[in-house]
């Protein structure tokens, strides 16, 4: 499929948006496309005291990256252990299944109570949002490693550490990476929502809420588009690495 084929639907959407904006003729309900593009034309300009589009984007990226790294440090090693040792998985599965469906924003009251207003609460929401997709995919990837590969390593007198590092983790790599991809997407959604919490003074979520209170809907939409663009770029990165590093998985099936 040609790359420009994927642009047809977005182009039609923008055209319909512009027509609707002209017919409605109310910038508070739906601003013109050109007004939103004007925000992108001056990405370093201060937006009604909320900071620039670039500054807020970088702050959000930093926050989500920090929370995502923390979640990875916790979820990947834990997932490897639970996937490798069935007794540990059975012992913890009930708690995982109870906590996993709870939406990240349902933790907001507790995050504010535990960490107060500020970065701590935001990072907690991010971590709690993305840790379970990473954990579950890691467990599943480890459990799906072929027993024959492990048995072959045992025949060559490989230690448990060598089996984990040389056989299980590399073989589970595609599933772990898929979990990271899903986890980062949820982390990105979580950080924007968390930045709308009381007391937050920066980030794309804050910028959207702040400018909405000033009736600047074109900035709100520009912020939403920025969120989407950054999300697409990061997802493309995960897909690129998956094709380059884990392309063998498709050949192995």
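Residue numbers (this note's numbering): 6 to 258. Note that beta-carbon positions come from the ideal geometry of N, C-alpha and C, so glycine has one too.
Residue i and residue j look like a contact to me (Cβ under 8 Å); what is the Cβ gap, rounded to whole Å?
i, j, result
"residue 181", "residue 44", "Contact flag wrong, Cβ pair sits at about 38 Å."
"residue 101", "residue 135", "Incorrect: roughly 14 Å between the Cβ atoms, too far for contact."
"residue 184", "residue 143", "6 Å"
"residue 88", "residue 147", "3 Å"
"residue 46", "residue 139", "Contact flag wrong, Cβ pair sits at about 38 Å."
"residue 216", "residue 55", "6 Å"
"residue 75", "residue 128", "7 Å"
"residue 178", "residue 251", "6 Å"
"residue 133", "residue 119", "Not a contact, Cβ separation roughly 11 Å."
"residue 86", "residue 93", "6 Å"
"residue 105", "residue 69", "20 Å between Cβ atoms; not a contact."
With respect to the alpha helix (DSSP H) encompassing residue i, which residues constitute its N-terminal and C-terminal limits?
i, result
"residue 175", "174-199"
"residue 102", "91-104"
"residue 125", "124-148"
"residue 115", "113-120"
"residue 209", "209-218"
"residue 226", "222-250"
"residue 157", "152-160"
"residue 54", "Here residue 54 belongs to no alpha helix (DSSP H), and DSSP marks it neither H nor E."
"residue 20", "13-29"
"residue 10", "No alpha helix (DSSP H) contains residue 10, which DSSP labels as neither H nor E."
"residue 41", "38-46"
Could you tell me which of the options sits nearest to residue i, measuring between CA atoms?
i, options, result
"residue 227", "188, 209, 241 and 237", "209"
"residue 110", "126, 145 and 103", "126"
"residue 231", "197, 219, 79 and 18", "197"
"residue 204", "195, 124, 96 and 216", "124"
"residue 239", "53, 66, 38 and 27", "66"
"residue 200", "162, 130, 33 and 11", "130"
"residue 229", "145, 29, 62 and 113", "62"
"residue 220", "168, 153, 33 and 132", "33"
"residue 171", "154, 179 and 186", "154"
"residue 49", "40, 59, 41 and 244", "59"
"residue 19", "83, 37, 68 and 94", "37"
"residue 234", "246, 250 and 193", "193"
"residue 52", "245, 213 and 251", "213"
"residue 149", "137, 160, 163 and 176", "176"
"residue 237", "195, 222 and 186", "186"
"residue 31", "10, 222 and 104", "222"
"residue 107", "137, 246, 121 and 24", "137"
"residue 273", "218, 69, 7 and 41", "No answer is possible for residue 273: it lies beyond the span of the chain, which begins at 6 and ends at 258."
"residue 174", "151, 195, 162 and 160", "151"
"residue 122", "207, 159 and 202", "202"
"residue 206", "156, 57, 164 and 163", "57"
Residue i CB to nearest chain D CB: under 9 Å?
i, result
"residue 18", "In the displayed structure, chain D is absent; only one protein chain is listed."
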